[in-house]
Amino acid sequence: GDSVTQMEGPVTLSEEAFLTINCTYTATGYPSLFWYVQYPGEGLQLLLKATKADDKGSNKGFEATYRKETTSFHLEKGSVQVSDSAVYFCALGGNEKLTFGTGTRLTIIP
Amino acid sequence: DTAVSQTPKYLVTQMGNDKSIKCEQNLGHDTMYWYKQDSKKFLKIMFSYNNKELIINETVPNRFSPKSPDKAHLNLHINSLELGDSAVYFCASSPGQDTGELFFGEGSRLTVL
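Chains as they are written, first to last, in this note's numbering: chain A, 1 to 110; chain B, 111 to 223.
Pasting the structure below:
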């Protein structure tokens with residue numbers, strides 16, 4: 001079945017550092033790929049998405065590129081801020097549901 | 111206005127009790143979901159409804175019974191609560207079944223003692 005493997009956390013970085021959170025997937029067909037973010041005490045929010053190979057999703061300085069050859073959708077940001085501290089979920093969409101990765105907790109220290 | 115609202119936000123109860131969590135969305139979406147998030151933040155789908163019709167039922171014990179009186183509401187009733195039911199339950203909605211763009215509520219933290 002479909003599955004998503006995410007980089008284990010927690011990840012702690014200093015403000016303005018470069019961020020990469022790895023995500024790889026296994027799927028039949030051509031799923032859409034998503035990154036969701038969960039701030040403390042809140043529900044998940046869609047951060048960005050890509051619907052086909054080589055698409056790049058971007059939002060709030062975050063980017064991820066749908067790489068079919070490596071079945072990956074790594075999340076990157078060039079310069080993180082304290083306000084980016086949250087749990088990040090990679091997800092795969094298809095067959096009427098989303099399959100989520102296990103989440104990566106990110107903490108940014110000033 | 112909150113787009114997807116759940117009540118209650120916190121629920122503490124004894125093993126064996128029956129409890130319900132309510133969810134309402136004002137986005138005009140056709141599809142609604144219940145997800146369970148465990149203590150390690152792992153998120154797993156439980157149910158989805160499209161226009162009041164059950165679409166997904168993911169091997170959830172039959173102690174869990176969803177009810178959708180209309181497409182804006184999806185409630186979750188749990189019978190005979192067990193310790194392992196302790197989790198955060200998230201309601202979500204989306205414009206359609208295959209968009210992948212879900213709008214989540216703030217979650218309902220259930221603690222079973």
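C-beta: ideal position from N, C-alpha, C; glycine also.
Computed from a predicted structure; not experimentally measured.
Which listed residue (the options) has its alpha carbon closest to that of residue i
| i | options | result |
| --- | --- | --- |
| Ser203(B) | His187(B), Val122(B), Phe157(B) | Phe157(B) |
| Lys132(B) | Val222(B), Gly138(B), Tyr199(B) | Tyr199(B) |
| Ser130(B) | Leu137(B), Trp144(B), Gly210(B), Gly138(B) | Trp144(B) |
| Ala27(A) | Ser79(A), Ile21(A), Thr5(A) | Thr5(A) |
| Asp195(B) | Gly206(B), Gly215(B), Asn127(B) | Asn127(B) |
| Ala86(A) | Cys23(A), Asp2(A), Arg67(A), Leu47(A) | Leu47(A) |
| Asp140(B) | Leu184(B), Glu192(B), Val222(B), Phe174(B) | Leu184(B) |
| Ser190(B) | Glu211(B), Met125(B), Leu137(B) | Met125(B) |
| Asn161(B) | Lys154(B), Ser149(B), Gln135(B) | Gln135(B) |
| Arg105(A) | Leu98(A), Glu96(A), Phe89(A) | Phe89(A) |
| Ile21(A) | Gly1(A), Glu96(A), Asp84(A), Gly93(A) | Asp84(A) |
| Thr102(A) | Phe213(B), Leu193(B), Gln147(B), Arg219(B) | Gln147(B) |
| Asp2(A) | Thr107(A), Ile108(A), Thr99(A) | Thr99(A) |
| Asp180(B) | Leu193(B), Thr112(B), Met142(B) | Met142(B) |
| Glu8(A) | Pro118(B), Lys151(B), Thr112(B) | Lys151(B) |
Under the three-state DSSP convention, the category residue i falls into
| i | result |
| --- | --- |
| Val170(B) | coil |
| Leu191(B) | coil |
| Ser58(A) | strand |
| Asp2(A) | coil |
| Val278(B) | One cannot answer for residue 278(B) here, as it falls past the ends of chain B, which runs 111 to 223. |
| Val80(A) | coil |
| Asn160(B) | strand |
| Ala27(A) | coil |
| Gly93(A) | strand |
| Leu33(A) | strand |
| Leu223(B) | coil |
| Ser85(A) | coil |
| Leu212(B) | coil |
Segment limits, beta strand (DSSP E) that includes residue i
| i | result |
| --- | --- |
| Gln147(B) | 141 to 147 |
| Thr70(A) | Looking at the DSSP string, Thr70(A) is not in any beta strand (DSSP E), and its letter there is neither H nor E. |
| Thr123(B) | 120 to 123 |
Cross-strand partners of residue i (DSSP beta bridge)
| i | result |
| --- | --- |
| Ser115(B) | Glu134(B) |
| His183(B) | Glu134(B), Asp180(B) |
| Thr20(A) | Glu76(A) |
| Glu63(A) | Ser58(A), Glu76(A) |
| Thr107(A) | Thr12(A) |
| Lys129(B) | Ile188(B) |
| Thr99(A) | Leu92(A) |
| Gln38(A) | Leu44(A), Val87(A) |
| Ala50(A) | Leu33(A) |
| Lys154(B) | Lys146(B) |
6 Å Cβ shell around residue i - same chain, five flanking residues per side excluded
| i | result |
| --- | --- |
| Leu44(A) | Tyr36, Gln38 |
| Val122(B) | Thr221 |
| Ser178(B) | Tyr159, Lys162, Leu184 |
| Pro110(A) | Glu15, Val82 |
| Arg219(B) | Tyr120, Val198 |
| Thr65(A) | Lys56 |
Residues near residue i by beta carbon distance below 7 Å, same chain, minus five either side
| i | result |
| --- | --- |
| Arg173(B) | Ile188, Asn189, Ser190 |
| Lys68(A) | Ala53 |
Sequence-distant residues of its chain with Cβ nearer than 8 Å to residue i (five each side left out)
| i | result |
| --- | --- |
| Glu63(A) | Leu48, Lys56, Gly57, Leu75, Glu76, Lys77 |
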